[in-house]
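Q: Please find one structure pasted underneath; my questions will follow.
2 protein chains.
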Amino acid sequence: MNSAERLREASLQRRDQEKQELRQLFLDTAAELFLEQGHERFSLRQVAERAGYSPATIYHYFENKDDLLSHVIDEGYQLFKKQFIAASTSTTDPIARLIALGRAYIDFGLQHPIYYQVIFMRRSDFLMRPRSGEQQPRAVTFQVVQQAIQEAMEAGLIQQGDAETFGDAFWAWMHGLVALSISMPMFTEERVRQVHAEFGRFLIQGLQPAS
Amino acid sequence: MNSAERLREASLQRRDQEKQELRQLFLDTAAELFLEQGHERFSLRQVAERAGYSPATIYHYFENKDDLLSHVIDEGYQLFKKQFIAASTSTTDPIARLIALGRAYIDFGLQHPIYYQVIFMRRSDFLMRPRSGEQQPRAVTFQVVQQAIQEAMEAGLIQQGDAETFGDAFWAWMHGLVALSISMPMFTEERVRQVHAEFGRFLIQGLQPAS
DNA sequence: GTTAAACTGTGAACAGTGTTTACCAAAACA
DNA sequence: TGTTTTGGTAAACACTGTTCACAGTTTAAC
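Next comes the structure, spelled out in C-alpha cells:
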C-alpha cells in the first residue's frame, strides 16, 4: 500500500467517522428532547434546530421520524433490559428471583416513565417487530420470567400450571401497576409500591402448592 | 302573553333547537370519526369537512379540539359506567359481584378498545377533572369495587385488610390485562380471557381467610 | 319602518408539523 | 484540469389547530 492509498483510506475513514458523529448528535439530541418533551410533543424540526442543522438533513441519516424515534426508544429498551437481566441474575432462588424481577420492572417504570410509556404503552410495535436480528422483547423479558416460574414449579415451590400463562399474569399485574401510575396522577409512586408489596403477599399465598 | 310574544318565543326556541342540533351533529360526526380513526389521527378539520361546515364553525360550539374530544370521551365513559353498574347490581353476593365487575371491566376494554384507550390510557385527565358536577370516575368505578370488597371482608369471605388497597390492586390487575391486550397484538382477546380465568382462581385462593 | 345590535358561518391567515425535491458548494476522483 | 459524488439546505407541499376580520341574517330597540 503506497502513500496515496493510505491517504485516501484515512480520508475515507475520517469522513465516515464524521458521518457517524453527526448521526450520533442527532440521536443524542433526539433522546434529550424526547425525555424532555415526551412522546406527544417530540418534533423532528426541533431536533434539527437544537442540533444546528436543517430539518432536511436528518433525512440523510434516518429514514423518517419513526426511524429516528425507534432508535431513541431502543436506548430506553436497552436500559430496561440491562436492569431486568441484572435482577434476574441477582439470585438463584426462583421465588426470590420472581420478586426481584417484579421490583426491577416496577422500578424501571417509575424511574423512566417516558421510556416506559413509549415502550410498553404507545409504540409497542417498535419492540414487537424484531430489529437488527434481535429476538422479540417478550423473549428477553418473559423468557426470564417464565424460566423462573418453570423452575419454581419444578422445585415444588408453587402450584403446577402453564408457565406461559403464569408469566402473562405476572406481566399484566406489573404492567397494570406501572401503567396506572403513569396515567393516573393519584396513583403515586408510594401508592404503587404499597399496593405491590401488600398484594404480592396474597399472590404468593395463592400460588403456594396445596400442602 | 300576546301573539307577538308567543311568536318571538317560538322563534327563539326554534333557533335554540337548531343550534343544539348542529352541536349534536358535530358530536356525532366527531364520535364516528374518532372510533374510525382512533385518538392519534382524530382531526378537527376532518370533523368539519364530514359535517359539511368550515373548521372555524366548530369553535362557535366547542372551545377547542380538547373540548369537543372530551364530550366524545364522555359518551364512551357513560357506556362504561352503565355496563359496570349493571354488573354491580347483577348479584348480592360480594364475591360474585367482584367477579362480575372484573368480567364487565374486561368486556368493556375488549369490546371498546378505542374508548378504553383514551379513557384509561391516554387522556385520563378528562376523567380526573370532574365535569358537570359529577364525581370523579374513581368514585363510580371503585367505590363500587371497594364496597364489594368491604362487604366481603365484613362477611368474612376474604382476609381483612385495607379495602382501598385491595381495590387498587383489583384495578391494576384488570387494567394490566386490558392495557396489554390493546398495546400488544400478541395479547389476543382469547389469551386475556384465559389468563384472567386461570389466574383469578389463585387470587381468590390467596384472598381466602385463614381457616 | 328604520336602525342598531346580536348571532351564525366563513375565508384567509398564522404558526406549527412531517416530508420531498431541486439545487448548490465543496470535496473526491479521474 | 474537468467530472462526479457527497453533505447540507431553502423552498414547497400537504397537513394540523387556532384566531380574526368580515360578511349575511335574524333579533331588538326606537
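Protein chains in written order, with our numbering: chain A, 356 to 566; chain B, 356 to 566. Using N, Cα and C, we set each Cβ at its ideal position, and we do this for glycine too.
With a threshold of 16 other CB atoms inside 10 Å of the CB of H584 of chain A, please say whether the residue is buried or exposed.
A: Any question about residue 584 of chain A goes unanswered here, given that chain A covers just 356 to 566.
Q: If you pair each beta-carbon of the stretch 530-545 of chain B with each one of the stretch 496-507 of chain A, do three or more pairs fall below 8 Å?
A: no
Q: Below 7 Å CB to CB, which residues in the same chain sit around R548 of chain B once its five sequence neighbours on both sides are set aside?
A: Hits under 7 Å: none found.
Q: Smallest Cα separation from L434 of chain B: which of B:Y471, B:G407 and B:R400?
A: The candidate whose alpha carbon is nearest that of L434 of chain B is B:Y471.
Q: Whose Cβ in chain A lies nearer than 8 Å to the Cβ of Q549 of chain B?
A: T520
Q: Quick one: list the residues of chain A neighbouring G393 of chain B, beta-carbon separation under 7 Å, in chain order.
A: Neighbours of G393 of chain B across chain A, judged by C-beta separation under 7 Å, do not exist; the nearest C-beta is about 12 Å away.
Q: How long is the line joining the alpha carbons of V500 of chain A and L453 of chain A, rounded to whole angstroms?
A: If I take the Cα positions, the gap works out to 7 Å.
Q: Mind checking if D523 of chain B is an interface residue toward chain A, Cβ cutoff 8 Å exclusive?
A: yes
Q: Would A459 of chain A and F439 of chain A qualify as a contact pair, given that the criterion is a beta-carbon distance under 8 Å?
A: yes
Q: In angstroms, rounded to a whole number, what distance separates the CA positions of G555 of chain A and L423 of chain A?
A: 39 Å
Q: Interface residues of chain A around R546 of chain B at Cβ under 8 Å?
A: What R546 of chain B touches in chain A: D523.
Q: Taking a Cβ distance cut-off of 8 Å, strictly less, list which residues of the stretch 415-437 of chain A are near chain B, in chain order.
A: none
Q: Out of A:G407, A:F389, A:E545 and A:E376, state which residue places its alpha-carbon closest to the alpha-carbon of K420 of chain A.
A: Per the Cα distances, A:F389.
Q: Counting only the same chain and skipping the five closest in sequence on each side, list residues whose C-beta sits under 8 Å from that of A386 of chain B.
A: V427 and E430
Q: Could you name the residues of chain A that H530 of chain B contacts, counting a contact when the two beta carbons are closer than 7 Å?
A: Within 7 Å Cβ-Cβ: G531, A534 and L535.
Q: How far does the alpha helix (DSSP H) with M483 of chain A in it extend, from its first residue to its last?
A: D480 to M483
Q: Please identify the residue among A:F381, A:E391 and A:G393 whose C-alpha is closest to the C-alpha of E404 of chain A.
A: Considering only alpha carbons, the answer is A:F381.
Q: So if I threshold CB-CB distances at 8 Å, which residues from the stretch 504-518 of chain A count as touching chain B?
A: Q514, G516 and D517
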